[in-house]
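A.B. asks: Below you will find the structure I want to go over with you.
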Amino acid sequence: MKLSELKKHQEARVVRVDASGELKQRLASFGLLRGANIKIIDCSLGKSTIEVMVDNTLLALRKEEAEKIEVEIIENQAYHGKQKRVRQRERRRLVQEIKK
Amino acid sequence: MSCESCKVEQKEEYGVGAIKIALAGQPNVGKSMLINAMSGGNRVKVGNFSGVTVDKMEVCFEHHCHLFDLIDLPGTYSIDGFTKEEKVAKEFLLNEEYDLILNVVDSTNLQRNLLLTTELLELNTKVVVALNMIDEAKADGITIDREQLEKILGVKVVMVSAKTGEGIDELLDTMHEVADSPERSHNRLIYSDPMEEEIIKVRKFLDEKGFSYRDWSNREVAIGLLFEQEKLYKELHDNPIMIELYPMIRDSLEHIYTHHETKNIKEIRANEHAAIARGIALEVVDQKSAPKSLTLTQKIDSILLNKYLGIPIFLFFMWALFQLTFEFGNIPMEYIDAAIGTFSDFVGSHISSDDIRSLVVDGIIGGVGAVLLFLPNIIILYIGIALLETTGYMSRVAFLLDGFFHKFGLHGKSFIPLVTGFGCTVPAYMAARTLKSEKDRLITLFILGFMSCGARLPIYVLFTGAFFSEAVSGNILFLIYISGALLGLVMAKILRVFVFKGEDEPFVMEMPKYRLPSFKLIWHTVYSNAASYLKKAGTFILLASVLIWFVSNYPKNEAIAQEYSKKIELAKTKEEREKLAAMQQAKELESSYLGQIGKLSESFFKPLGFDWRLSVALESGLAAKEVVVSTLGVLYSIGEVDETSKSLKEILAKKLNIPIALSFIVFVMIYLPCFAASSVFTKEAGGFKYFVYLFFFTTMTAWVMSFLTYRATLIFFGS
Ligand SMILES: Nc1nc2c(ncn2[C@@H]2O[C@H](COP(=O)(O)OP(=O)(O)OP(=O)(O)O)[C@@H](O)[C@H]2O)c(=O)[nH]1
Ligand SMILES: [Mg+2]
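Line order of the protein sequences matches chains Y and P.
Numbering follows our numbering, with no gaps: position 97 of the first sequence is 97.
Numbering follows our numbering, with no gaps: position 404 of the second sequence is 404.
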């Protein structure tokens, strides 16, 4: 579903950004790219301007931009500690590999 | 800044040069505030929104007998920034010489900030990371594992707070140490598996060839090649190794393309960096619950950004500001006025020469005094602007107004330079750099003058005070500013439709967290603006007043003097004598240099209801808007012989009427900004021809609007 269709305060994850090169790059530099957590905080009359929270960043977007962002609703977050351990193991493996 | 000079002095003293440090970081992370904290001054501007710093700025100071030369750069979300001010940062980081980069990072939003950090690390220069706002992170219950972060990034990390001063000394010492060490730690970032595979392949090849480039490791060269770093390719272009490298890199890239499902290397790089940043944040940041400050911000936003209430609340704030500006500003004004009057009488009675007395009393005190009177109003206005800038509300208004602005062909972000313009037009022209599209920027530049700057405030206060009752003056003031802004919007639309046609620019803007502004910050902004107003009054306005006095008193016309002295002798009653004396002064003024100049342009201004004095005041306002008031002060105090009505306000109320006053206000509101602002405009717009356009654009609009105002109000109020 599109970001513009999301309800207020619904937690979602970005699946795809269907923007052209430059806008896509700009959104990415704000941290808005595939895999980011996103939710709508507020919007103006007629949803023409939207305030979203991307991870820990508050961003203002227009409806036109929000329509280009494909999201999926997250039901339950993966357990944080587990993610962390997986990540650490991964990194150690890579460090070893590079040293070789 | 006399950095060059202090460097030379210090060099002799300590025998070492300054450490040159570039501050890079995303917008609004506290780079400027950190510089102030490190240098122990208040030299660079701080505000709570993205795009406060729009130009590089050098600050030099000494710490532990060592000289630091810091360069504050505009914030940039990514090195490949799009806006004009982000390019300033890019230019500097890529092309200038410096000893190290201090990457300032917002600890409460580490993950996103790391997107830039990773890019900076790929520049392969010395980097130190400052985890700023550590006070806020602590309050939010965020803990960061510093050692782990240092290990992953391979650079020194220091926790600091520009607000509380925590960690500042440690940061300075660390930077000193890193700058002095002969070794640079190499890039240790770990990319995705397919990327790593290719990096290792290219690196191995480079190793086998015994290749080396500058102080880069071959791994760093491989990363640079794969990410298509332009500068690297330019320098290696003639190197024979490239013949073998090209096919190899082409193969590697194909592999990377298939993995990332895109051929856009910039996008690939962004994805790689995002993955790294996410991984690092996962590993080093511990956050028990949702950060308090963010939750609070969301709560406040649900009121201030409310669908229905948001805009009315904003309008109320603005209205309240102008009420306060007028009401509170007028209290001290009366005392200042009385003090200046007494001072002027005292000085006048101690000077025997008529000419000198007139110069001092009418010229200097009349001119400078008229400007000083409005200091309280200016201070209140600046407090309002400082609050808007430091609380975080500024970006909210840009958000609220974007829909509305959009209809007029403007970008929501234009609001930031427009508000800055209520203070002073010069920094406002610079602030327009944050607009990405060149057309948006030009439109904003053209209409910025319609946002009345602080220096025009005295003119409005003077005229509304003279012609309207105290109860409505604040409202009139509010109306003046609002109608200036509305006119600006209409003009923007016209420019957009007829001149700067073009695509709509997407609106993506960061909303900062709300922050309680510190008293120090507000005080500094207000103090420095008030000080510069006073300084201007004591120098520039003083000179202008003397000049105006001179050209309005010379050449002395003997014929008029003789004619009237005879008539006055013959006059029977006291009234008649006074009337004749007044006529004499008026005649003399008219025959002065200034009178002659005023006469030249009189026909241009006549249809608007202005006599030559008002015309001259407007023309002198081209130098600086404060001069309009000082010129009126000089001109009307010379022509004044009736000793009972002393204040300029009362004289104006007697000599002019409401239609003329309104017409004058409208003209002042619209016509060309002062000389300093015009030259900045010319520079920012990119050529003298734009200044010519601006001149005709504003003058014509001002004339037409004043004419309409004058004619319409004449019908309404009568003459
Ligand atoms: N609590 C806290 N607030 C800070 C700290 N450092 C900066 N701030 C606030 O953060 C905001 C941004 O500060 P600036 O120094 O203007 O940020 P900047 O990085 O120079 O921003 P740009 O010039 O727009 O790139 C201001 O409101 C500061 O008061 C800190 O260490 N702690
Ligand atoms: Mg700054």
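C-beta atoms are modelled at their ideal positions from N, C-alpha and C, and glycine is treated no differently.
Output needed for isoleucine 383 (chain P): all residues of its chain with C-beta closer than 7 Å, excluding positions within five of it in sequence on either side, in chain order.
C.D. replies: Cβ neighbours of isoleucine 383 (chain P) beyond the five flanking positions: Ile522, Val526.
A.B. asks: Out of P:Ala455, P:Phe211, P:Asn28, which has the shortest C-alpha to C-alpha gap to lysine 513 (chain P)?
C.D. replies: For lysine 513 (chain P), the nearest C-alpha among the options comes from P:Asn28.
A.B. asks: Is valine 44 (chain P) helix, strand or coil by DSSP?
C.D. replies: Valine 44 (chain P) falls in the coil class under three-state DSSP.
A.B. asks: Using the Cβ count rule (16 or more neighbours within 10 Å means buried), how would you classify proline 74 (chain P)?
C.D. replies: Buried: at least 16 other Cβ atoms inside 10 Å.
A.B. asks: Does methionine 509 (chain P) come within less than 7 Å of chain Y when only Cβ atoms are used?
C.D. replies: Yes, contact with chain Y.
A.B. asks: Considering just the uninterrupted stretch of the alpha helix (DSSP H) at methionine 57 (chain P), what are its terminal residues?
C.D. replies: No alpha helix (DSSP H) contains methionine 57 (chain P), which is instead part of the beta strand (DSSP E) from 57-63.
A.B. asks: Using 7 Å as the limit for Cβ to Cβ distance, is tyrosine 671 (chain P) near chain Y?
C.D. replies: No, tyrosine 671 (chain P) does not count as interfacial toward chain Y.
A.B. asks: Just the Cα atoms here: how many angstroms apart are phenylalanine 408 (chain P) and leucine 652 (chain P)?
C.D. replies: Looking at the two C-alpha atoms, the distance is approximately 38 Å.
A.B. asks: Below 8 Å on C-beta distance, what does asparagine 56 (chain Y) contact in chain P?
C.D. replies: Under the 8 Å cutoff, chain P gives Thr108, Asn109, Gln111, Arg112, Pro291, Leu294.
A.B. asks: Using a Cβ distance threshold of 8 Å, determine whether the region 83-91 of chain P contacts the region 133-148 of chain P, with at least three qualifying pairs required.
C.D. replies: With the cut-off at 8 Å, the region 83-91 of chain P and the region 133-148 of chain P do not touch.
A.B. asks: Which term fits cysteine 424 (chain P), buried or exposed, when burial requires 16 or more other beta carbons within 10 angstroms of its beta carbon?
C.D. replies: The residue in question, cysteine 424 (chain P), is buried, as its Cβ has 16 or more Cβ neighbours within 10 Å.
A.B. asks: Out of P:Val52, P:Met33, P:Leu245, P:Ala290, point me to the one whose CA is closest to glutamate 208 (chain P)'s CA.
C.D. replies: Of the candidates P:Val52, P:Met33, P:Leu245, P:Ala290, the one whose C-alpha sits nearest the C-alpha of glutamate 208 (chain P) is P:Leu245.
A.B. asks: Between lysine 501 (chain P) and ligand 4, is the CB less than 6 Å from at least one heavy atom?
C.D. replies: Among the ligands present in this structure, namely ligand 1 and ligand 2, ligand 4 is not found.
A.B. asks: Give, in chain order, every residue of the region 258-269 of chain P whose Cβ lies closer than 7 Å to some Cβ of chain Y.
C.D. replies: From the region 258-269 of chain P, only Asn264, Lys266, Glu267 have a Cβ closer than 7 Å to chain Y.
A.B. asks: Could you give the distance in angstroms between the alpha-carbon of glutamine 298 (chain P) and the alpha-carbon of glycine 51 (chain P)?
C.D. replies: Taking the straight line joining both Cα atoms gives about 22 Å.
A.B. asks: Okay, do the region 653-660 of chain P and the region 379-396 of chain P touch, 3+ Cβ pairs below 8 Å being the bar?
C.D. replies: Counting Cβ pairs under 8 Å, fewer than three are found: no touch.
A.B. asks: Whole-angstrom Cβ separation of leucine 232 (chain P) and isoleucine 249 (chain P), contact assumed at under 8 Å?
C.D. replies: 11 Å between Cβ atoms; not a contact.
A.B. asks: Hey, out of P:Ala530, P:His63, P:Lys567, whose CA is closest to isoleucine 720 (chain P)'s CA?
C.D. replies: What is shown of chain P runs 1 to 719, which leaves residue 720 (chain P) out entirely.
A.B. asks: Does the CB of glutamate 70 (chain Y) have a neighbour CB from chain P at under 7 Å?
C.D. replies: No - not a single Cβ of chain P is within 7 Å of the one on glutamate 70 (chain Y).
A.B. asks: Which ranges does the beta strand (DSSP E) cover as unbroken runs of at least 3 residues, wholly within the region 243-297 of chain P, from first to last along the chain?
C.D. replies: Whole beta strand (DSSP E) segments, 3+ residues: 285-287.
A.B. asks: What first and last residue would you give for the alpha helix (DSSP H) that runs through histidine 176 (chain P)?
C.D. replies: Run containing histidine 176 (chain P): 168-180, per the alpha helix (DSSP H) assignment.
A.B. asks: Please tell me whether glutamine 148 (chain P) has its Cβ less than 7 Å away from any Cβ of chain Y.
C.D. replies: Glutamine 148 (chain P) does not count as touching chain Y.
A.B. asks: Cβ of arginine 515 (chain P) within 6 Å of any heavy atom in ligand 1?
C.D. replies: At least one heavy atom of ligand 1 is nearer than 6 Å to the Cβ of arginine 515 (chain P), so yes.
A.B. asks: Could you run through the region 706-719 of chain P and flag, in chain order, every residue whose CB is less than 9 Å away from some CB of chain Y?
C.D. replies: Of all residues in the region 706-719 of chain P, none has a Cβ within less than 9 Å of some Cβ in chain Y.
A.B. asks: Under a three-way DSSP split, which group does methionine 1 (chain Y) fall into?
C.D. replies: The answer is coil: DSSP assigns methionine 1 (chain Y) none of H, G, I, E or B.
A.B. asks: Can the beta-carbon of valine 285 (chain P) be found closer than 7 Å to that of leucine 115 (chain P)?
C.D. replies: It is not a contact, given that the beta carbons lie outside the stated cut-off.
A.B. asks: Can you determine whether any heavy atom of ligand 2 sits closer than 6 Å to the C-beta of threonine 53 (chain P), and answer yes or no?
C.D. replies: True, at least one ligand heavy atom lies under 6 Å from that Cβ.
A.B. asks: Flag this pair as yes or no: are the beta carbons of glycine 454 (chain P) and leucine 381 (chain P) separated by less than 7 Å?
C.D. replies: Their beta carbons are under 7 Å apart, which means glycine 454 (chain P) touches leucine 381 (chain P) by this criterion.
A.B. asks: Using CA atoms only, rank isn't needed, just tell me which of P:Gly310, P:Glu177, P:Glu122, P:Gly329 is closest to glycine 474 (chain P).
C.D. replies: Nearest of P:Gly310, P:Glu177, P:Glu122, P:Gly329 to glycine 474 (chain P), Cα basis: P:Gly329.
A.B. asks: Where does the unbroken alpha helix (DSSP H) through histidine 406 (chain P) begin, and where does it stop?
C.D. replies: From DSSP, the alpha helix (DSSP H) with histidine 406 (chain P) extends over 393-407.
A.B. asks: Could you tell me which residues DSSP pairs with arginine 13 (chain Y) in its beta bridges?
C.D. replies: Arginine 13 (chain Y) is bridged to Y:Asn37, Y:Glu72.
A.B. asks: If you draw a straight line from the C-alpha of glycine 224 (chain P) to the C-alpha of isoleucine 265 (chain P), how long is it?
C.D. replies: Going from the Cα of glycine 224 (chain P) to the Cα of isoleucine 265 (chain P) covers about 12 Å.
A.B. asks: How big is the Cα-Cα spacing for methionine 1 (chain Y) and asparagine 37 (chain Y)?
C.D. replies: Near 14 Å, if we compare the C-alpha coordinates of asparagine 37 (chain Y) and methionine 1 (chain Y).
A.B. asks: Are the region 132-147 of chain P and the region 28-48 of chain P touching by the rule of at least three beta carbon pairs closer than 8 Å?
C.D. replies: Flag = yes, the region 132-147 of chain P and the region 28-48 of chain P touch.
A.B. asks: What are the start and end residues of the alpha helix (DSSP H) that includes leucine 648 (chain P)?
C.D. replies: Per DSSP, leucine 648 (chain P) belongs to the alpha helix (DSSP H) from 648-655.
A.B. asks: When you compare the CB of serine 20 (chain Y) with every CB in chain P, is at least one pair closer than 7 Å?
C.D. replies: So, not an interface residue.
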